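K.L.:
Residue numbers for the sequence shown, in our numbering: 24 to 780. Just so it is clear, CB atoms sit at the ideal spot from N, CA and C, and this is done for glycine as well. What you are looking at is a predicted structure, and each value in this text was computed from that prediction instead of being measured.
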Amino acid sequence: KQFRSAIIFFLGDCYFQKGDNKTSREFFLRIIRDYKDSPSYGEALNSLGWTYLNEKDYQNAADIFSKVYALNPSSELSQNGLYYWGISLSEAGNRAEARKKMQMLVDKFPESKYAPDALYFLGIDYLDTGDFQIALDKFLMFIERYKNHKLFYKANLMAGESFVALNKYEESLPYYKEVVNNAKDVTLVSTALYKLGISYFKLKKYENSIEVFKRFTRKFPADKNAPDGFFWIGEGYYLIGDYKNAIANYTVVIEKYKISNRVHDAYYSRGYSYFKLKDYQNAASDFSAIIKAFPNSRYYIDANFRLGDSYYSLKKFNLALTAYNRVANTTTDLKERIKANYRIAQALLKNKKYDEAIQGFSKIIINYPNSEFADDSRYMIGSVYFTIGNFKEAISEYEKLMSQYPDSKYIPEAIYGIADSYFNLKEFNKSIEYYQRIVDEYPESELVVDAISGLQWCYKSLGKVDEAVKIAEKYLNVNSTSSKADNLQMRKADLYYSSGSFRKAIDEYKLLIERFPESNLIPEAYFRIGSAEQQLGETEEAIRNFWTIFQKFPVNNYAIEALIKLGNIYSLNGEYPAAIDTYTDLIKNYPESELANEAYYERGFAQERLGRIEEAKNDYTTLIVKATNNVFAHKARNNLGKIYVNEGFYEKGIQLFQEVVESRIDETAAEAQFNIAEAYKAQNKLKQARENFLKVKYIYPAFDTWVSRATIEAGNLYMEEKNWAEARRMFEFVLKRHKDDEFGRIAKEKLKLIENR
Numbered sequence: 024k025q026f027r028s029a030i031i032f033f034l035g036d037c038y039f040q041k042g043d044n045k046t047s048r049e050f051f052l053r054i055i056r057d058y059k060d061s062p063s064y065g066e067a068l069n070s071l072g073w074t075y076l077n078e079k080d081y082q083n084a085a086d087i088f089s090k091v092y093a094l095n096p097s098s099e100l101s102q103n104g105l106y107y108w109g110i111s112l113s114e115a116g117n118r119a120e121a122r123k124k125m126q127m128l129v130d131k132f133p134e135s136k137y138a139p140d141a142l143y144f145l146g147i148d149y150l151d152t153g154d155f156q157i158a159l160d161k162f163l164m165f166i167e168r169y170k171n172h173k174l175f176y177k178a179n180l181m182a183g184e185s186f187v188a189l190n191k192y193e194e195s196l197p198y199y200k201e202v203v204n205n206a207k208d209v210t211l212v213s214t215a216l217y218k219l220g221i222s223y224f225k226l227k228k229y230e231n232s233i234e235v236f237k238r239f240t241r242k243f244p245a246d247k248n249a250p251d252g253f254f255w256i257g258e259g260y261y262l263i264g265d266y267k268n269a270i271a272n273y274t275v276v277i278e279k280y281k282i283s284n285r286v287h288d289a290y291y292s293r294g295y296s297y298f299k300l301k302d303y304q305n306a307a308s309d310f311s312a313i314i315k316a317f318p319n320s321r322y323y324i325d326a327n328f329r330l331g332d333s334y335y336s337l338k339k340f341n342l343a344l345t346a347y348n349r350v351a352n353t354t355t356d357l358k359e360r361i362k363a364n365y366r367i368a369q370a371l372l373k374n375k376k377y378d379e380a381i382q383g384f385s386k387i388i389i390n391y392p393n394s395e396f397a398d399d400s401r402y403m404i405g406s407v408y409f410t411i412g413n414f415k416e417a418i419s420e421y422e423k424l425m426s427q428y429p430d431s432k433y434i435p436e437a438i439y440g441i442a443d444s445y446f447n448l449k450e451f452n453k454s455i456e457y458y459q460r461i462v463d464e465y466p467e468s469e470l471v472v473d474a475i476s477g478l479q480w481c482y483k484s485l486g487k488v489d490e491a492v493k494i495a496e497k498y499l500n501v502n503s504t505s506s507k508a509d510n511l512q513m514r515k516a517d518l519y520y521s522s523g524s525f526r527k528a529i530d531e532y533k534l535l536i537e538r539f540p541e542s543n544l545i546p547e548a549y550f551r552i553g554s555a556e557q558q559l560g561e562t563e564e565a566i567r568n569f570w571t572i573f574q575k576f577p578v579n580n581y582a583i584e585a586l587i588k589l590g591n592i593y594s595l596n597g598e599y600p601a602a603i604d605t606y607t608d609l610i611k612n613y614p615e616s617e618l619a620n621e622a623y624y625e626r627g628f629a630q631e632r633l634g635r636i637e638e639a640k641n642d643y644t645t646l647i648v649k650a651t652n653n654v655f656a657h658k659a660r661n662n663l664g665k666i667y668v669n670e671g672f673y674e675k676g677i678q679l680f681q682e683v684v685e686s687r688i689d690e691t692a693a694e695a696q697f698n699i700a701e702a703y704k705a706q707n708k709l710k711q712a713r714e715n716f717l718k719v720k721y722i723y724p725a726f727d728t729w730v731s732r733a734t735i736e737a738g739n740l741y742m743e744e745k746n747w748a749e750a751r752r753m754f755e756f757v758l759k760r761h762k763d764d765e766f767g768r769i770a771k772e773k774l775k776l777i778e779n780r
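(1) What distance in whole Å lies between the Cβ atoms of residue 172 and residue 139, which are believed to be in contact at a cut-off of 8 angstroms?
(2) So residue 388 is in the alpha helix (DSSP H); what residue range does that whole segment cover?
(3) CA-CA distance, residue 733 and residue 277?
(4) Hey, is the region 378-386 in contact with the region 333-346, meaning 3+ C-beta pairs nearer than 8 angstroms?
(5) Using the Cβ count rule (16 or more neighbours within 10 Å means buried), how would you classify residue 822?
(6) Out of 389, 391, 434, state which residue places its alpha-carbon closest to the alpha-carbon of residue 402.
(7) Using CA coordinates, which residue listed in 538, 589, 572, 532 is at the minimum distance from residue 557?
(8) Across the region 753-761 and the region 300-316, are there enough close Cβ pairs to call them in contact, namely three or more that are closer than 8 angstroms?
(9) Which term fits residue 33, buried or exposed, when burial requires 16 or more other beta carbons within 10 angstroms of its beta carbon?
(10) Between residue 606 and residue 585, is the Cβ-Cβ spacing less than 8 angstroms?
(11) How long is the line joining the alpha carbons of residue 192 and residue 500, rounded to whole angstroms?
(12) Taking the alpha carbon of residue 628 as the reference point, which residue from 658, 232, 125 has its own alpha carbon closest?
(13) Under the rule that 16 or more other beta-carbon atoms within 10 Å means buried, what is residue 227, buried or exposed?
(14) From 678, 654, 663, 339, pick the residue whose C-alpha is nearest to that of residue 688; which is it?
(15) Exposed or buried, residue 282, counting other C-beta atoms within 10 Å across all chains shown (16 or more means buried)?
(16) Could I get the ranges of all uninterrupted alpha helix (DSSP H) runs contained in the region 200-287, with 4 residues as the minimum, in chain order?
(17) Applying the criterion that 16 or more other CB atoms from any shown protein chain within 10 Å of the CB defines a buried residue, is residue 700 buried or exposed?
(18) Of all the options 432, 494, 431, which has the alpha carbon lying nearest to the alpha carbon of residue 462?
(19) For the candidate residues 241, 554, 549, whose alpha-carbon lies nearest to that of residue 523?
(20) Among the residues of its own chain, which have a CB less than 7 angstroms from the CB of residue 203, if the five just before and after it don't count?
(21) In this structure, does DSSP put residue 690 in helix, strand or coil?
(22) Starting from residue 74, follow the alpha helix (DSSP H) in both directions and report where the run begins and ends.
(23) Just to confirm my understanding: we take residue 260, look at its own chain, exclude 5 residues before and 5 after, and list those with CB closer than 6 angstroms. What are they?
(24) What are the boundary residues of the alpha helix (DSSP H) that includes residue 585?
(25) If you compare alpha carbons, which of 170, 174, 474, 122 is closest to residue 152?
(26) Starting from residue 347, trace the alpha helix (DSSP H) in both directions and tell me its first and last residue.
(27) Smallest Cα separation from residue 389: which of 376, 427, 418, 373?
(28) Could you tell me the alpha carbon to alpha carbon distance between residue 631 and residue 776, rounded to whole angstroms?
(29) Using a Cβ-Cβ cut-off of 6 angstroms (strictly less than) and excluding sequence neighbours within five positions of residue 474, which residues of its own chain qualify?
(30) Distance check for residue 370 and residue 332, CA to CA, integer angstroms please.
(31) Leaving aside the five residues before and after residue 486 along the sequence, list all residues of the same chain whose C-beta is less than 7 angstroms from its C-beta, in chain order.
(32) Looking at C-alpha atoms only, which residue of 163, 168, 289 is the closest neighbour of residue 183?
(33) Would you tell me roughly how many angstroms separate the C-alpha atoms of residue 781 and residue 324, rounded to the nearest one?
(34) Could you pull out every residue in the same chain whose Cβ sits closer than 7 angstroms to the Cβ of residue 243, ignoring the five residues on either side in sequence?
(35) Once you ignore the five residues that flank residue 569 on each side, which residues in its own chain have a CB closer than 6 angstroms to its CB?
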């Protein structure tokens, strides 16, 4: 009887393994019916549950597994039944009961082999229903109890996810790092590394985020999240203001991952990056791409706004009008429509269609008198009249602004506009009245300096020259205790500086130093004096003032900047020993300053110029070790690598260049790639040299100087191989981009040689 029940079980199991649940079930039911005392009874009951589970008959499966559990709760088989009882209930949609069974397994049988799976199941289930804190507690319990379990790293990953769901990004970091640093499962590591980058990004630790995503994209270039990784690198660079590197990474998404869902995000962000760099033509190109290729994008309206702004900045006002009109005619959002109409009026103004501009601004006031653009529009109407020389109407509009919108931010500008209008009408006394209002009523306004200048011109126009000369000093004397007095003096000096009146600027900066000896602006004033003297070619005086900052204000940030300025002056003048001493002062006194990295690099460069190659190598090496990922450390790798190549240590040089290429995607990397090619060329490994020159062209298209140099070198190598067609293609590529400069001249000469061969 015992052997018969075993044979029936094995037959059932064979059918089960074949996937024939129905037939296998008949054998298992025979055992359950006829051999209740058989050792195979429990296994048959458990297998019966599995036949139902496989057929997605979850309710019957749950009923059977409940009976398995009831056989002997302390046995492994029964605990298995309890686990799959919970699984079946969950699949049947009875989530609450499923959780109870899993929790029972965790609480009653914590040492069971199924307890970790049950605890992990609970964490996932609570995470799925948005019970993030409960889910987190389950995962943390798992991590504490089951450090050697196969799900340990998954639990760490899910703990990180739970912290993120609770907006606790800082707390998520160690759990993601645990997976990244110790897990063997590549999928887990890639996911955790990506999530780690996201958490750093959410914490606004953009440099950390960039480094993590760089590591992710290098290690997992084929991962489904690789496009997102490059995108987030771009976002990180964007948010720290490094728009060129941002563009390079957005470009990778656009060109390498063309079917990715991130492409339209990359176009949008790259457009913004170009806009920040004032490269409005490329910005317009990207915003246009979104509008044309992604008409249903969530960026559609804003892309049109930014397209309009790009064309506006390019002075292509008709094209700007087209973009703004598209918003006005498309958007269902009232605020966006009003904003678009305001932009339309602005573009009409810039296009010198003054009547249409006035009509546009007037419609906003009439139709949307309470909108945020109503006072702006009233102010702009006044500005239009001022622009076309209708000063009386300008005054009228500015006065309407002051009466209709007394709390408007444009009130000081309106008062100033009235003053300027009266000045142009030669009603100087009236003009003085309004300039004086700026000085008296808005002493903290940025317009104060301009108002004082206006007062001076009024008095001069009235023949009161002495009064004009004294007006600024009079104001500063009367308001010498004002917290803004030194700022006003600084602004006055800055105005002279920015207009190129460096001598007058120097006098005004010196006046600030004399009148406000306690001002925290004094180090800056000395710095500006030195900079102005540089502009005037008075190098010795500039040097003296920069040294004054370092000697008198050693803890001020301008002291560090002054040392860099001094070092650079000495270096530019070929006074390399003095430059080295100055950079040494900076390194010694401000070792933690960011500028210390630049000082190491520049000192190494100066050592090279003096032929002190070993000292240069020491500076470059120190910088590389001290600040391995700093941009100047990578520049140092380039210079140190070139030294090694010149010394015949080609592999050491190439290794340094390769470190730059693997760490950066900016111009420094483009130079490093070029240097790799040069190193192979120096060894007469011409094929490898050519291949690496071409990498510059294809990997770093944004850095034209290096692309052009590399393409010319590749063309030269093709010529040596007598591959005239490829050589011609290289030089034609350069000539197309550089028709009238040195690169173009070289390309023309090479093409001529090819034609005349």
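P.N.:
According to the structure shown:
(1) 5 angstroms
(2) 377-390
(3) 24 angstroms
(4) no
(5) As displayed, the chain neither begins before 24 nor continues past 780, which places residue 822 out of reach and without an answer.
(6) 434
(7) 589
(8) no
(9) exposed
(10) no
(11) 54 angstroms
(12) 658
(13) exposed
(14) 654
(15) exposed
(16) 209-225, 229-242, 249-262, 266-279
(17) buried
(18) 494
(19) 554
(20) 212, 215, 216, 219
(21) helix
(22) 64-77
(23) 268, 269
(24) 580-595
(25) 122
(26) 340-353
(27) 427
(28) 37 angstroms
(29) 458, 461, 462
(30) 9 angstroms
(31) none
(32) 163
(33) Since the first residue shown for the chain is 24 and the last is 780, residue 781 is missing from the structure and cannot be characterised.
(34) 213, 249
(35) 553, 585, 588, 589
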